[in-house]
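Visitor: Each residue of the sequence shown is one higher than the one before, starting from 18 at the first, in the working numbering. Sharing a structure, written as structure tokens. Questions coming.
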Amino acid sequence: MSETVIFDKEMGITHYDFTRLLARAVGHSDFTLRDGKISITDGPRKLEITLSEESERRVASVVMPVTFVRFALSGYDDAVKEMARIDLRFQRGGG
């Protein structure tokens with residue numbers, strides 16, 4: 018099995034929205050957020066996620082949610098590529 022690859026991110030997201038978008042990113046909602054942790058196993062691949070407490074960032078009168086997230090991927094042939102795929106699912110657009 019390959020080594021564990023860690024990605025730390027600061028995300029502008031609440032825990033509720035994170036779990037909603039994570040379901041889309043992994044293709045199912047068969048996971049539970051418990052004590053700030055989520056673990057998803059798919060055969061030899063394992064994705065462990067740790068969420069910080071929710072906080073917020075204020076810029077003038079604008080308030081944005083902030084959550085620090087640690088993704089630990091193990092058993093992936095290309096963890097960087099998998100993380101890029103997950104990142105894409107969390108992107109929100111506008112215009």
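The beta carbon of each residue, even a glycine, is placed where N, CA and C say it ideally should be.
Assign Y33 to buried or exposed, taking buried as 16 or more other Cβ atoms, counted over all protein chains shown, within 10 Å of its Cβ.
Guide: exposed
Visitor: Residues in the same chain with beta-carbon distance under 6 Å from S91, minus the five sequence neighbours each way, listed in chain order, please.
Guide: T21 and K63
Visitor: Am I right that L68 and G53 are in contact with their C-beta atoms under 8 Å? What's the rounded C-beta distance?
Guide: Sure, about 5 Å apart at Cβ, within 8 Å.
Visitor: State buried or exposed for T58, treating a residue as buried only when at least 16 other CB atoms are found within 10 Å of its CB.
Guide: exposed
Visitor: Tell me the rounded alpha-carbon separation between E27 and L50.
Guide: Their backbone Cα atoms lie some 18 Å apart in a straight line.
Visitor: Hey, would you say A42 sits closer than 7 Å to R106, going by beta carbons?
Guide: yes
Visitor: So what does S72 bridge to, in DSSP terms?
Guide: V83
Visitor: Ordered along the chain, which non-local residues of its own chain (more than five positions away) have a Cβ less than 7 Å from that of P82?
Guide: G29, I30, T31, E71 and E73
Visitor: Exposed or buried, what is A96 when buried is set at 16 or more other beta-carbons lying within 10 Å of its beta-carbon?
Guide: buried
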